[in-house]
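No gaps in the numbering here: position 49 of the sequence shown is 850 in this note's numbering, and each next residue is one more.
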Amino acid sequence: MRKAIHNYATGKQKEIDASEVNKIDGLKLFICPECGEKVRFVSGMKQLPHFKHYKKTEISPECEKRVDGFVKTYLYERIGLPLYIKRSNSSFELYISFPVLKDNLLDKLIEEKLYITIKDTDKYYENKQQKFAINRFLNDASTLLPINFIPKNNSNFIIDFSTSKYNEEILKYWSQYSEGFYKDNAIFSYGESGGKKIHRNDSIYTEKKYYMVSKNNLINIPPGMKKEYIGSLPINNLNYNVYTIQITPYDDIEFKRIAEYLLLNFKIGLLYCKPEIIPLWPPVVQKDSNFNLIHSNKDLICTVKTGNDVPKIYSYIEDKVTELFIPSFGDNCFKIKVYPNSNKFLSVDRKYIGNEVIFSNIHQELIYGKLNCILYDIDNTNNIININTEYTLSKKYVDLIAKSNNKLNIYHKTNYLYRKYELLNDKELRISNIQLNDELLFFNSYKLIGKICFVNKIISKKIIDSDLYHKLLLTSHTVKISIPIEIKKILILLSNYPMCYYLIKRYSDEGKIPIGTWYIIKQEFKEGLHE
């Protein structure tokens, strides 16, 4: 193969061509851009310079770039189904995640009474297997199946289906394996309730927190790697230790020692900067590596972090993977199209490493149900606000307090901008500066379960519609001016004053308003205009 990833500096990588290798000084370390395995440079006399994989082992990932590589397959069939760790206080559990099946496939499998078997690769451990009936799978979200064993000898979890009738369709969405531990160790991404396993040959990054799971104590960690014991994973009749780790090397020497430690014990690398796609607009609701657009706008504006001079963005459709050539409009910002009612699978710099993200443009219907959240005005704690209603503001700006016994994501929409709040279990959250026409959107996981619209406040009870109307009429003879830009907001503020509203609306339609009328209306509603 002509291309490889070059570790050109400590903690930094970029893709190079084989023709560039002879220009490189110092240590020459290369990895495959598709599978992440180490490769060697070949500068043969009878052929062009190229990169070549080392001899295949039992834990080597499949790769089309190998001489003995296999035919194209679907994404999850290639990289395996993701393995998750979930947290409950100081106790942890393992799960394999099965994505949603499309096109009524789940209904067909339920009719077939399909069941799924998860087992160890090694036949010696055949007693370690679990069976799950298909009727426990969800039709609108990924299904997490609890796992009560870890395969031995660096092996993977094997996933078998009880029917072959729909296997070809099933493998468009699922895989027949999920990656196991390496030397009884694994590292997972960090989230309050758990995280996703980092694949072998992938990398973790400095200054970020992770979960580290190990059967052993792993006491001799190198300097620059902070470790804290937080609980246990009871599995295989053992208690695996669970830690949080964060890597902050002092210098390149510490960095290299930590990188060697991670490669030896976890078969993963270490980098300073994570190649990733960061969505900017429209706002998204995130669950693990899934991002759902709040707006149905098909254009997703995002920025891309990468070690390459030009980011490589890969897109996956069924068994095909293509590199997207998208022009940047500055600071590595790109516009990617995600059409309504569709998903887009994307990754940066690597094709098959397990760090793909999914952008969905699925319309979010409001799911009415019990929303265990209390919301009240900070200035009036007795005023409990009902969710899924309109709320009339009592003053210029309002600060609210939210409290829930569940984890919720709350989006505060103001002037087409969104601010995200995370409401944690039994903790109070303050939402500040809510004003006219703002909205609060409540999400449980990625589902929209509540909404509040903030409508016109009563500007002043002293203003009487008929009195103000006659006062405005007395200024109708003054010189007329072009309609000011604030007229739209004035009309909103006048919605509780019909006589004045229709007078000003008539002036607005004519394109001119008496200067005296405009001066009075601005004075009467100046507080509302400056919100």
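Using N, Cα and C, we set each Cβ at its ideal position, and we do this for glycine too.
{"Query": "Rounded straight-line distance, which links the Cα of residue 950 to that of residue 956", "Result": "12 Å"}
{"Query": "Separation of residue 1268 from residue 1313, as counted between CA atoms", "Result": "23 Å"}
{"Query": "Own chain partners of residue 971 with C-beta closer than 8 Å, once the 5 adjacent residues on each side are dropped", "Result": "902, 906, 910, 962"}
{"Query": "For residue 1228, the three-state DSSP class (helix, strand or coil)", "Result": "coil"}
{"Query": "Complete runs of the beta strand (DSSP E) confined to the region 1171-1226 [at least 3 residues]", "Result": "1174-1178, 1181-1185, 1190-1193, 1199-1205, 1209-1215, 1218-1224"}
{"Query": "N- and C-terminal bounds of the alpha helix (DSSP H) containing residue 910", "Result": "906-913"}
{"Query": "CA nearest to the CA of residue 941, picked from 1291, 1248, 1303, 1252", "Result": "1248"}
{"Query": "Which residues DSSP lists as bridging residue 1072, in chain order", "Result": "1006"}
{"Query": "Residue 1158 (DSSP reduced to helix, strand or coil)", "Result": "strand"}
{"Query": "Strand pairing of residue 958, partner residues [DSSP]", "Result": "921, 979"}
{"Query": "Where the alpha helix (DSSP H) through residue 1269 begins and ends", "Result": "1266-1274"}
{"Query": "Rounded C-alpha distance that separates residue 1033 from residue 998", "Result": "16 Å"}
{"Query": "C-beta atoms of residue 1376 and residue 888 nearer than 8 Å", "Result": "In this structure the chain extends from 802 to 1332, so residue 1376 is not present and cannot be described."}
{"Query": "Integer-rounded CB distance, given that residue 1049 should sit under 8 Å from residue 1027", "Result": "7 Å"}
{"Query": "Proximity of residue 1121 and residue 1066 at Cβ, strictly below 8 Å", "Result": "no"}
{"Query": "Collapsed DSSP secondary structure at residue 1317 in the structure displayed", "Result": "helix"}
{"Query": "CB contact flag (residue 935, residue 916, <8 Å)", "Result": "yes"}
{"Query": "Classification of residue 848 by the beta-carbon crowding that lies within 10 angstroms, buried from 16 upward", "Result": "exposed"}
{"Query": "Buried versus exposed call for residue 918 [16 or more other C-beta atoms within 10 Å across all chains shown]", "Result": "exposed"}
{"Query": "Cβ pair residue 884, residue 1036 closer than 8 Å", "Result": "no"}
{"Query": "Option in 1190, 1321, 1112, 1238 with minimal Cα separation from residue 1213", "Result": "1238"}
{"Query": "Spatial neighbours of residue 1252 in its chain, beta-carbon cut-off 8 Å, leaving aside the 5 residues before and after", "Result": "1167, 1188, 1189, 1240, 1241, 1242, 1243"}
{"Query": "Same chain, Cβ closer than 6 Å to residue 993, neighbours up to 5 away in sequence not counted", "Result": "none"}
{"Query": "Three-state secondary structure (DSSP) of residue 1126", "Result": "coil"}
{"Query": "For residue 1145, the nearest candidate out of 1210, 1180, 1078 (CA to CA)", "Result": "1078"}
{"Query": "N-terminal and C-terminal residue of the alpha helix (DSSP H) that residue 1288 is part of", "Result": "1288-1294"}
{"Query": "Reference residue 1057, options 1304, 1150, 988, 811, closest by Cα", "Result": "811"}
{"Query": "Residue of 913, 1100, 1245, 1291 minimising C-alpha distance to residue 968", "Result": "913"}
{"Query": "DSSP state of residue 1302 mapped onto helix, strand, coil", "Result": "helix"}
{"Query": "CA-to-CA distance, residue 839 to residue 857, given in whole angstroms", "Result": "11 Å"}
{"Query": "Identity of the residue in 1043, 1001, 1106 nearest residue 1063 by Cα", "Result": "1001"}
{"Query": "Distance CB(residue 976)-CB(residue 877) smaller than 8 Å", "Result": "yes"}
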